[in-house]
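Here the sequence shown stands for residues 1 to 324, where the numbers follow the UniProt record's numbering.
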Amino acid sequence: MATQSSSTATTTDTRPSSGDLPDPQLLHQQLKFLMNHIKGITLTLTAENFPIWRSQVFKLFKANGFEGFLDGTCICPNPSNPSSDTEISFKNWNHLDQNLAAALYSVISPSILPYVLSLDHCADIWDTLARHLQSNTRSRTIQLRNELHHLSMKNQTMSQYLLAVKSVVDAIAATGSPLDPEEVIFYTLNGLPPQYQSFKTSIRTNLQPLSLDDLYTLLCSEELNIAQETAFALQNLHINDSSTALTAYRGRGRGRNFSNRGRNSSRGRTRSDKNNSNSITCQICTKTGHSAIKCWYRNDPSYTEESIKTALITPSDANSNTTD
1 MATQSSSTAT TTDTRPSSGD LPDPQLLHQQ LKFLMNHIKG ITLTLTAENF PIWRSQVFKL
61 FKANGFEGFL DGTCICPNPS NPSSDTEISF KNWNHLDQNL AAALYSVISP SILPYVLSLD
121 HCADIWDTLA RHLQSNTRSR TIQLRNELHH LSMKNQTMSQ YLLAVKSVVD AIAATGSPLD
181 PEEVIFYTLN GLPPQYQSFK TSIRTNLQPL SLDDLYTLLC SEELNIAQET AFALQNLHIN
241 DSSTALTAYR GRGRGRNFSN RGRNSSRGRT RSDKNNSNSI TCQICTKTGH SAIKCWYRND
301 PSYTEESIKT ALITPSDANS NTTD
């Protein structure tokens, strides 16, 4: 029993603590492991992805026992203490802190680095990033939710529309506030055009749970059905328009015949009028083609007033005088 207790007491805790750091050889191995693996974090810190970046970095530090350098629980030893052990611990602590700070810099984008370049310790860098980017993350989340609310399919294909929805949903998740699947379904259906109204109604009234993958499959299938129905309707419309155009063409042909007949009749009347005009003889100058009223010599002094008056008498008037 005593052996077990002593074994438990001698178990080595590899996590650094204030003034009590592990063996320098072990620290070197852990630091080397962290420095090598932090390069695997391909996501550099920006103003939009702080929650995901923070989670990845903190887990890597914690896996190697260095999370105290981030949250400030691993306090720097007092360098003024004359103890040689303390002096060595201070040197080790400072060595670790500077290497870990350099590791953080390697995964921070150039746009964020100016906020922390003047800071000396790893914990200060971590705290400053949280204070500056947390508020940006909140406003970014609100902005993305508003963008998703107003996102619509418009002239895109279904695949393009779903890809746009997924892009915004992933961006919201990157802010640390992932959407519930039901919210994603609501926003996706909300952006569909009126042609999908019956589909939206069936999904909203369906009481069975629906995954996002199933929804995307159903939407792509519905797009094909709507395209086929639209093509069939356009084909029928084209046939009906062709029949209407043919009927109208025939009607216009008949109209032309009647119009031609009318033109021929008009031409006949014109020729008749010309013939009648040529048969008129002027009673003043005795020339044909005009009447006395239109005669050039009507006002000529060489013609007596009596002859002009006589010429202006119409044949009907003359006949009536004779009868009397």
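Every residue gets a Cβ at the ideal spot worked out from N, C-alpha and C, and that includes glycine.
Chain-order list of residues whose beta-carbon lies under 6 Å from that of residue i (same chain, five-residue window excluded)
i	result
C76	W93
F50	L133, T137
A171	L144
Residue range of the unbroken alpha helix (DSSP H) whose run includes residue i
i	result
F186	181-190
F61	50-63
R204	197-204
L148	122-149
A164	158-174
F69	68-71
Proximal residues to residue i (C-beta, below 8 Å), its chain only, five neighbours per side dropped
i	result
V107	I38, I41, L43, T44, L45, W53, V57
S167	none
I226	Q195, Y196
S111	T46, A47
Inter-residue spacing [alpha-carbon to alpha-carbon] between residue i and residue j
i	j	result
T137	E229	45 Å
R140	V169	12 Å
L60	D127	17 Å
N146	A173	14 Å
Q235	I142	46 Å
S211	L218	11 Å
E67	T73	8 Å
H28	D124	23 Å
H149	L179	12 Å
F33	Q208	48 Å
I293	I284	9 Å
I185	A233	30 Å
Close Cβ partners of residue i (< 7 Å) along its chain, the five nearest in sequence each way excluded
i	result
residue 395	Since the first residue of the chain shown is 1 and the last is 324, residue 395 is not available in this structure.
H290	I280, C282
Cβ contact check for the stretch 97-107 and the stretch 144-157: 3 or more pairs under 8 Å: Counting Cβ pairs under 8 Å, fewer than three are found: no touch.
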